[in-house]
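Each number in this note's numbering corresponds to the 1-based position in the sequence shown with 24 added.
Written out below as C-alpha cells is the structure these notes cover.
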Amino acid sequence: MRRDVIIFLLFVMVFPFLLYLLIALYEPNVGDRYRFIIDLMVRKQLWRESFR
Numbered sequence: 025m026r027r028d029v030i031i032f033l034l035f036v037m038v039f040p041f042l043l044y045l046l047i048a049l050y051e052p053n054v055g056d057r058y059r060f061i062i063d064l065m066v067r068k069q070l071w072r073e074s075f076r
C-alpha cells in the first residue's frame, strides 16, 4: 500500500509541471498564469511537509 501512495504522490506532484510545460510551449501568456497556480501548489506541499 505504501508504494501505491508514494507513486500517487509523485504523480500528483509531477503532473502539474508537465501540464505547465505543455501549456508554456504553446501559450506563453497562459503559462504565466499556470506558473502562479503551480507556485501556490508547491508552497502548500512544502508547508504540509514541514509539519510532518
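Here a beta-carbon is modelled for each residue, glycine too, at the ideal position from N, C-alpha and C.
In the structure shown, Phe60 falls within a helical segment according to DSSP collapsed to helix, strand and coil. Per DSSP, the unbroken alpha helix (DSSP H) holding Phe41 starts and ends at 26–50. When the Cα atoms are used, Arg72 and Ala48 turn out to be separated by approximately 27 Å.
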